[in-house]
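The block underneath contains the structure these notes are about, expressed in structure tokens.
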Amino acid sequence: MKTDLNQNTSSNPIKGHTLLVNVLVAAPLPKAFTYQWHSEHTPRFGMRVIVPWGRQHRIGLVQGAAPDQQMAENIKPVHSVLDHGECLSAHWQALIEFAAKYYHHPLGMIALEALPKALRVLNARGEEPVMVAKSREHAQKLLAERNDPLAASKGGKAKIDQLEKPVLNAEQLDAVAQLSSAAGFQPFLLYGVTGSGKTEVYLHTVEERLKRGEQVLVLLPEINLTPAAQALYKERLAPHRVVVMHSNLAELTRTKAWFEAATGAADVIIATRLGVLTPLPRLGMIVVDEEHDPSYKQQDGMRYHARDLALMLAKQREVPIVLGSATPALESWLKADLGAYKRLSLKNRAVLGASLPKVELINTANFPAKEGLSEPAMQALVQNFEAGKQSIVFLNRRGYAPQMVCNACGWVANCDHCTAHMVWHKNERMLRCHHCGAGQRVPTHCPTCGNQDLTGFGRGTQRIEETLTGLLPTANILRIDADSTRNKGQMEALLQQAHSGEADVLVGTQMIAKGHDFANVTLVLALNVDASLYSHAYRAPERLFAQLMQVAGRAGRRAGDARMVVQTRYPQHPLFDALKAHDYETFASHEMQARKDARMPPFSHQATIRADHKKLANCLQFLSTARELGEPLVDADNPVFMCDPVPLTVVRVGGIERAQMLIESESRPALHRFLTQWLAQLHELPGSVRWFLEVDPVDL
Ligand code: ADP
Ligand code: ZN
Ligand code: ZN
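If you're matching positions, the sequence shown starts at 26 in the numbering used here and goes up one per residue.
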């Protein structure tokens with residue numbers, strides 16, 4: 026496939042008539058790079074090429090003939106052509122071009138970062154890794170089998186009818202009927218309480234769409250939800266080809282899956298957010314499960330929202346899309362209210378006899394917590410354990426204690442590189458910074474006064490695990506958080522014990538709250554929720570409510586009489602009334618009104634510009650200059666508001682200080698018109714401040 030063009034370079038037939046092409050390269054500049062083109066093939070979008078880059082070579086994507094065919098003398102030639110962009114269709118081009126425009130991010134960065142590493146990074150010898158050719162062949166073989174009716178009939182179709190499939194209830198049937206028959210671009214909001222059988226709706230719908238030869242993209246918010254989904258979809262949809270794509274796969278597996286998706290060999294693509302940027306030639310429908318989940322927002326590089334890009338993808342490809350959630354994002358809820366999305370509701374739990382847990386609040390003013398747990402919470406855990414049932418203890422903070430302190434002199438272990446405390450990880454005997462990742466051994470004595478009696482302040486999952494071990498010495502207690510699942514296979518092993526019922530108590534972060542269908546959990550205990558109740562972040566209540574509803578949703582999935590116990594100092598907070606009633610709708614309308622009154626999203630549109638530098642003053646100075654540049658662009662036709670530049674709450678991370686400025690408008694087009702003009706000027710600003718723009722930020 027590879028054509029080496031080097032031999033041609035010196036033999037330009039006519040000087041100045043060399044064809045020039047623009048090549049997209051992963052470089053943080055909003056432009057393509059021009060090279061000479063000597064291949065006999067017509068340059069077209071998506072051809073992968075090797076180009077000289079400084080003293081090295083890089084993989085780039087041909088964008089097309091350069092519009093400005095200037096003199097070619099000082100322009101370097103493309104080194105070689107790797108492939109002809111067979112997989113990178115015009116559809117894919119349209120999507121990444123939209124993303125580049127909408128997120129105001131360099132097209133080259135987006136295009137290349139959307140590809141598996143093997144397709145965009147040369148190996149140490151400056152060649153394309155062999156796994157690319159291997160993966161391509163693998164996909165082509167599958168594709169050939171797929172198109173060969175003889176081979177297809179050999180598939181294991183027989184299995185499918187013997188599988189136990191639940192009989193759908195009326196609401197599910199209606200949803201499946203509408204989703205299966207939808208044609209063209211049509212967004213649906215599948216609003217169903219936890220355990221209402223949304224997954225079953227997806228499965229039936231996907232089955233119908235596959236019968237028509239369509240490809241279906243299923244997006245999930247978390248990597249740890251993909252193994253169960255893959256197993257389920259494979260089993261239920263055999264012999265259709267189901268592949269998984271996420272950032273934690275071995276490179277070869279990822280590359281293979283990409284080729285299967287991009288050639289059309291795979292029928293169902295189960296993926297985390299990056300899946301949305303995969304070429305899908307036969308795409309017929311998109312499912313975005315747990316659409317409200319903040320994990321769909323990429324938090325570095327191109328800060329895209331996978332749900333939003335999925336909507337654009339559906340629109341461009343003219344296919345239906347279903348967003349599923351028990352607690353939809355307010356953005357989506359508003360769209361459904363306005364009729365832009367069709368709402369499909371599942372009001373009850375699907376399993377007969379299952380019901381949502383009864384929510385009880387424990388006021389910690391009356392029942393103070395000892396080692397994190399109040400008396401009634403302990404009683405509930407003991408009771409549930411003695412009854413042979415499973416419990417979940419949910420606490421969104423990992424580590425042993427968020428601070429290590431000296432009670433003699435008041436010293437606190439801080440990170441040297443960040444304005445943050447070090448978190449004590451007792452099990453690993455380490456202090457770790459959760460912002461920059463720095464780690465150090467736990468000191469044996471206070472570095473200030475020499476006191477050897479250092480203690481932890483506050484509680485994380487490890488410390489609660491310790492408390493639980495003291496309370497229930499014979500119970501099998503599992504901790505599931507980012508630390509206990511760091512190594513390959515750990516997550517699967519822990520989830521396996523959780524699902525099998527071997528585990529009596531699961532203690533963990535939001536990792537255990539999401540999506541999992543645990544059969545035997547009948548008690549959920551939520552700790553440490555108060556900080557979010559009165560947080561200054563305007564999305565905090567929405568997030569907390571969604572998290573609590575999600576974690577509540579893990580209980581009572583097969584039987585009634587489940588409980589959820591929330592420890593709080595503020596039981597009178599209105600959020601809890603809605604939680605007790607499992608009433609998302611009341612919560613949403615209350616929150617929606619508050620957003621409307623405050624002109625916050627979804628009633629306004631936002632972007633932030635972030636500035637990073639060793640000195641905060643330089644960040645603020647940069648942002649002020651940026652604001653001055655922006656001011657003349659704002660007028661009655663472009664109603665955009667730039668707020669004051671402010672330091673971030675955690676100012677310094679990894680030795681770099683950070684500040685940001687919020688830009689708002691009630692008109693999305695106006696905001697983007699403004700950003701386009703403004704950024705063109707910002708890119709010209711000299712100086713050493715690093716900056717980037719974020720559109721639709723979610724962490725404010
Ligand atoms: P959700 O995704 O809405 O939280 P799930 O799809 O995981 O809910 O369904 C919860 C449980 O209910 C699963 O064990 C599923 O097999 C079961 N289930 C789904 N639909 C039905 C049905 N119609 N009858 C009986 N059980 C069902
Ligand atoms: Zn001290
Ligand atoms: Zn740090």
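Where a beta carbon is used, it is the ideal one built from N, C-alpha and C, also for glycine.
Which same chain residues end up closer than 6 Å to residue i when comparing Cβ atoms and leaving out the 5 residues on each side of it in sequence?
i	result
aspartate 318	Pro246
glutamate 110	The question names glutamate, yet the displayed sequence has glycine at residue 110. The residues are Gly71 and Met72.
lysine 621	Phe628
phenylalanine 699	Leu658, Asn663 and Val665
proline 306	Gly289
leucine 406	Ser416
arginine 328	Glu719
threonine 633	Gln685, Leu687, Glu719 and Pro722
isoleucine 681	Asp637
glutamate 196	Leu371
Is the closest heavy atom of ligand 4 to the C-beta of residue i under 7 Å?
i	result
cysteine 434	No copy of ligand 4 appears in this structure; the ligands present are ligand 1, ligand 2 and ligand 3.
Between the beta-carbon of residue i and the beta-carbon of residue j, is there less than 8 Å?
i	j	result
valine 201	threonine 230	yes
valine 74	serine 105	yes
proline 102	tyrosine 128	no
leucine 137	arginine 150	no
cysteine 431	threonine 473	yes
tryptophan 62	leucine 86	no
isoleucine 121	leucine 302	yes
alanine 361	leucine 204	no
serine 692	proline 670	no
glycine 133	alanine 52	yes
valine 313	leucine 348	yes
histidine 271	alanine 291	no
glutamate 260	methionine 310	no
arginine 83	valine 376	no
arginine 423	alanine 507	yes
leucine 262	leucine 308	no
threonine 389	glutamine 592	yes
isoleucine 135	alanine 125	yes
arginine 635	arginine 683	yes
Once you ignore the five residues that flank residue i on each side, which residues in its own chain have a CB closer than 7 Å to its CB?
i	result
glutamine 88	Asn47, Val48, Leu49, Ala57 and Phe70
threonine 480	Val430 and Asn432
leucine 519	Leu503, Ile505, Ser509 and Thr510
glycine 1	In this structure the chain extends from 26 to 725, so residue 1 is not present and cannot be described.
Evaluate residue i with the Cβ neighbour count: other Cβ atoms within 10 Å of its Cβ, from every protein chain shown; 16 or more gives buried, anything less gives exposed.
i	result
isoleucine 39	Caution applies to isoleucine 39, whose pLDDT of 42 falls short of 50 and renders its modelled position unreliable; the model cannot decide the point.
proline 131	buried
methionine 96	exposed
glutamine 94	exposed
glycine 712	exposed
alanine 587	buried
leucine 54	exposed
tyrosine 216	buried
leucine 531	buried
glutamine 535	buried
phenylalanine 482	exposed
histidine 541	buried
alanine 603	buried
valine 268	buried
Sorted by chain position, which residues of the same chain lie with C-beta nearer than 8 Å to residue i's C-beta, five sequence neighbours on each side aside?
i	result
proline 668	Looking at the sequence itself, residue 668 is cysteine, so the reference to proline does not match. Correct list, in chain order: Met686, Leu687, Ile688 and Glu689.
cysteine 458	Cys440, His442, Cys443, Ala445, Met447, Val448 and Gly464
isoleucine 537	Ile417, Phe419, Ile505, Ala523, Leu531, Val576 and Arg579
For residue i, which residues does DSSP report across the bridge?
i	result
methionine 686	Ile634
glutamate 754	The structure shown does not extend to residue 754, since the chain is modelled only from 26 to 725, so the question has no answer here.
proline 664	Answer is none; proline 664 lacks a bridge partner.
lysine 322	His330
proline 77	His82
valine 48	Phe58 and Val87
methionine 455	His450 and Arg466
phenylalanine 123	Answer by DSSP bridge pairing: none, since phenylalanine 123 is not bridged.
### Query
Is there contact between the region 204 to 216 and the region 328 to 343, where contact requires at least three CB pairs shorter than 8 Å?
yes
### Cβ contact check for the region 543 to 551 and the region 566 to 577: 3 or more pairs under 8 Å
yes
### Query
Does the count of Cβ pairs from the region 345 to 357 and the region 278 to 296 closer than 8 Å reach three?
A contact between stretches requires three or more CB pairs, one per stretch, nearer than 8 Å, and the region 345 to 357 fails this requirement with the region 278 to 296.
### Message
Within 8 Å, do at least three Cβ pairs link the region 484 to 500 to the region 440 to 456?
### Response
yes
### Message
Using a Cβ distance threshold of 8 Å, determine whether the region 191 to 201 contacts the region 155 to 175, with at least three qualifying pairs required.
### Response
no
### Task
Could you tell me whether the region 602 to 609 touches the region 637 to 645, where touching means 3 or more Cβ pairs closer than 8 Å?
no
### the region 380 to 391 touching the region 587 to 599, judged by at least three CB pairs closer than 8 Å
yes
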